[in-house]
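> This is the structure I have questions about; it appears just below.
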Amino acid sequence: MPDDETRPQTRTLTPATTVDDPTKTAAARTTTAVRPPRASRTAPAADGASPWLLRLVVVGLVLTALNLRPAITSLGSLLEEVRDGLHMSGSVAGVLTSVPPLCFAVFGIMAPRLARRFGPGAVVCAGMTAITAGLVIRPLVGGTAGFLAASALALMGIAVSNVLMPVIVKRWFPDRVGSMTGLYSMALALGTSLAAAVTVPMTSAMGGSWRLGLGVWAVLAAAAILPWIPLVRDRSGAPGKQAAQQPDAPALRITRSRTAWALACFFGLQATAAYITMGWMPQIFRDAGVSAGTAGVLLAVTMAMGVPLAFVIPRVATRMKNQGAIVVFLGSCGLLGYAGLYLAPAGGAWAWALLLGISNCSFPLALTMIGMRSRSGAGVVRLSAFAQSVGYLISIPGPLLIGVLYQHSGGWELPIALMAGLMVPQMAVGILAGRDRTIEDEC
187 MPDDETRPQT RTLTPATTVD DPTKTAAART TTAVRPPRAS RTAPAADGAS PWLLRLVVVG
247 LVLTALNLRP AITSLGSLLE EVRDGLHMSG SVAGVLTSVP PLCFAVFGIM APRLARRFGP
307 GAVVCAGMTA ITAGLVIRPL VGGTAGFLAA SALALMGIAV SNVLMPVIVK RWFPDRVGSM
367 TGLYSMALAL GTSLAAAVTV PMTSAMGGSW RLGLGVWAVL AAAAILPWIP LVRDRSGAPG
427 KQAAQQPDAP ALRITRSRTA WALACFFGLQ ATAAYITMGW MPQIFRDAGV SAGTAGVLLA
487 VTMAMGVPLA FVIPRVATRM KNQGAIVVFL GSCGLLGYAG LYLAPAGGAW AWALLLGISN
547 CSFPLALTMI GMRSRSGAGV VRLSAFAQSV GYLISIPGPL LIGVLYQHSG GWELPIALMA
607 GLMVPQMAVG ILAGRDRTIE DEC
């Protein structure tokens, strides 16, 4: 009898605790961003999926991530040859370098609606198809307008896939957000540095044709389509439809969340730093007396730092309730790197390249926080689209402003000071985005 009397008391106390103690409720909700509860809404797709299907998702994630940057970095390596071949003016070439973040912002906002209608797997498959088509068409066109249109098609596929990568990780691997985010972030960094490093020598080996040098990357993009085909057919495992059926999905207004805005600003400022580094760091070293070949290697070192760290940082971040300490560490590395570029760009070039490479790993941290700052798959879709679209819009003026300052000041002191200055608000909003809370609590 004492046992029978104790059981109903325990049942009545549980809901009372949930209602009367909002602190515990918020903590319980936040915990689901890292470890799903017993009846979690974040893991239905993973729970019913067969092992081979999960392995296929892993292969798809890796191949997709490998294709999210080569369309951009391969063009950067051959931009001079493309300009000469298409008789492209300098102003049009400048617009071409600003197209990626603009396309990411414009097309990325479409991803949530497409994912709800067709499922993330189907949308990513379509995205890889668009990348393949764009990379195939781009070298075949004979004019600037066609080249820009084909580039935009490839970038559209990249944009929607960018947004849905955290969503797929959250839905298929809710208990391994850190490790899976690290895996595809590492593959993304590898694809970025690989395209930058081998496009020129590969083009030379194929006879020096820039059209072949750009078009060959379509082979890798086509390979990334294959793993997603069975996932398109498997409608029972389409996380997008399940997310769309969640009762709280239509009521979530992302613009009311301070965390969402902080994460969007953090994403935008880290993207600004990354595009400035990719676009201008070799020129800074060359103007300081470093040879062109060495300057290219220094950039490759900076980008290659993201390969191991992109795997480590998300795993560490998911084990921490607050990611502010990581934000400050990465930002401090950036400040030290910019200080070195300002004071002794040639003397400590390798050290500055390493420090800036570490600082650029704010990107996988931002992706990890997107997965952690929402409890549901629908929330991750909205947060990912919002943070990346707004973030890429923020990043558009940065590289252009650096170029204007460099041209009018005649040196790198003022541009480097601006780079360092932007690192301060990046750390501030990163600390806000790293707080232990979810957008559902704020919206």
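Sequential numbering from 187 applies to the sequence shown in our numbering.
From the three backbone atoms N, C-alpha and C, an ideal C-beta is built for every residue, glycine too.
This structure is a prediction, so every number in the text was calculated from the model and none was measured.
In whole angstroms, give me the CA-to-CA distance for G454 and L495.
For G454 and L495, the distance between alpha carbons rounds to 20 Å.
> Buried or exposed, going by whether 16 or more other CB atoms sit within 10 Å of the CB of P237?
P237 comes out exposed.
> Thinking just about the alpha-carbon of each residue, which of S570, T441, P531 is nearest to the one in V144?
Residue coverage of the chain in this structure runs from 187 to 629, which leaves residue 144 outside it and unanswerable.
> Does the distance from the CB of N253 to the CB of L406 come in under 8 Å?
Yes, they are a contact pair.
> Check whether the region 394-412 and the region 528-536 touch, using three or more Cβ-Cβ pairs below 8 Å as the test.
No: fewer than three Cβ pairs fall under 8 Å.
> For a test of the three-state rule: what should DSSP assign to R362, helix, strand or coil?
Coil at R362, not helix or strand.
> Rounded to whole angstroms, what's the CA-CA distance from G262 to A448? Just pull it up for me.
Answer to the nearest angstrom: the Cα atoms are 31 Å apart.
> Check for me: the alpha helix (DSSP H) holding L587 runs from which residue to which?
Counting along the chain, the alpha helix (DSSP H) containing L587 begins and ends at 583-595.
> Would you report the Cα separation of P433 and V566, rounded to the nearest angstrom?
Interpretation of P433 is limited by its pLDDT of 41, a score under 50 that renders its predicted location unreliable; the figure taken from the coordinates is listed afterwards. Taking the straight line from one Cα to the other gives about 15 Å.
> Looking at A251 and W403, is the spacing between their C-beta atoms short of 8 Å?
The answer is no: Cβ separation not under 8 Å.
> Could you tell me whether the region 387-398 touches the region 264-275, where touching means 3 or more Cβ pairs closer than 8 Å?
Touching, yes, given that three or more Cβ pairs across the two stretches are closer than 8 Å.
> Excluding the five sequence neighbours on either side, which residues of its own chain have a C-beta within less than 8 Å of the C-beta of R621, listed in chain order?
T445, N508, G510.
> With distances taken between CB atoms, is the gap from A645 to Y578 smaller than 8 Å?
This structure gives no information on residue 645, because the portion of the chain shown stretches from 187 to 629.
> Need the endpoints of the alpha helix (DSSP H) that W630 sits in, please.
Absent from the model: residue 630. The displayed extent of the chain is 187 to 629, so no value can be given.
> In terms of residues, what are the limits of the alpha helix (DSSP H) holding D473?
Start and end: 444-473.
> Given a threshold of 16 other Cβ atoms within 10 Å of its Cβ, counted over all protein chains shown, does G399 qualify as buried or as exposed?
Its Cβ being crowded by 16 or more others within 10 Å, G399 is buried.
> Would you identify the three-state DSSP class for V327, choosing helix, strand or coil?
Coil, per DSSP.
> What does a CB cutoff of less than 6 Å around L282 pick up in its chain, not counting 5 residues either side in sequence?
Excluding sequence neighbours, L282 sits near nothing in its chain.
> Three or more C-beta pairs under 8 Å: does that hold for the region 552-563 against the region 318-338?
No: the two stretches stay apart, fewer than three of their Cβ pairs being nearer than 8 Å.
> Could you pull out every unbroken alpha helix (DSSP H) segment of at least 4 residues lying fully inside the region 494-535, listed in chain order?
Runs of the alpha helix (DSSP H) inside the region 494-535: 510-529.
> Classify M609: buried if its beta carbon has 16 or more other beta carbons within 10 angstroms, exposed otherwise.
Classification of M609: buried, given that the 10 Å Cβ count is 16 or more.
> If you draw a straight line from the alpha carbon of F333 to that of G343, how long is it in whole angstroms?
Between F333 and G343, the C-alpha separation is close to 16 Å.
> Leaving out five residues on either side along the sequence, give the residues of the same chain with a beta carbon under 7 Å from the beta carbon of A486.
Cβ within range, chain order: S379, A382, A383.
> Going by the CB atoms, is the gap between G294 and V248 shorter than 8 Å?
Contact: no.
> To the nearest angstrom, report how far apart C561 and Q574 are at their CA atoms.
Rather than Cys, the amino acid found at residue 561 in this sequence is Arg. Cα-Cα distance, rounded: 18 Å.
> Does the distance from the CB of G563 to the CB of V353 come in under 8 Å?
Contact: yes.
> In this structure, does DSSP put T624 in helix, strand or coil?
Of the three classes helix, strand and coil, the one that applies to T624 here is coil, per DSSP.
> Looking at C-beta atoms only, is the number of pairs between the region 514-526 and the region 467-475 that lie closer than 8 Å three or more?
Verdict: no, contact absent.
> Less than 8 Å between the beta carbons of M489 and G543, yes or no?
Contact: yes.
> Ends of the alpha helix (DSSP H) at R302?
From DSSP, the alpha helix (DSSP H) with R302 extends over 297-304.
> Identify, in the order they occur along the chain, each residue of the same chain with its Cβ nearer than 6 Å to the Cβ of D207, setting aside the five sequence neighbours on each side.
Confidence in D207 is poor, its pLDDT being 44 and thus under 50, which makes the residue's placement too unreliable to answer from.
> Answer with buried or exposed for T389, where buried requires no fewer than 16 other C-beta atoms within 10 angstroms of its C-beta.
Burial call: buried.
> What is the DSSP secondary structure of N253, reduced to helix, strand or coil?
Of the three classes helix, strand and coil, the one that applies to N253 here is coil, per DSSP.
> Does DSSP classify G616 as helix, strand or coil?
Three-state result, G616: helix.
> Could you tell me whether the Cβ atoms of S443 and C629 are closer together than 8 Å?
Contact: yes.
> In whole angstroms, give me the CA-to-CA distance for A619 and M613.
For A619 and M613, the distance between alpha carbons rounds to 10 Å.
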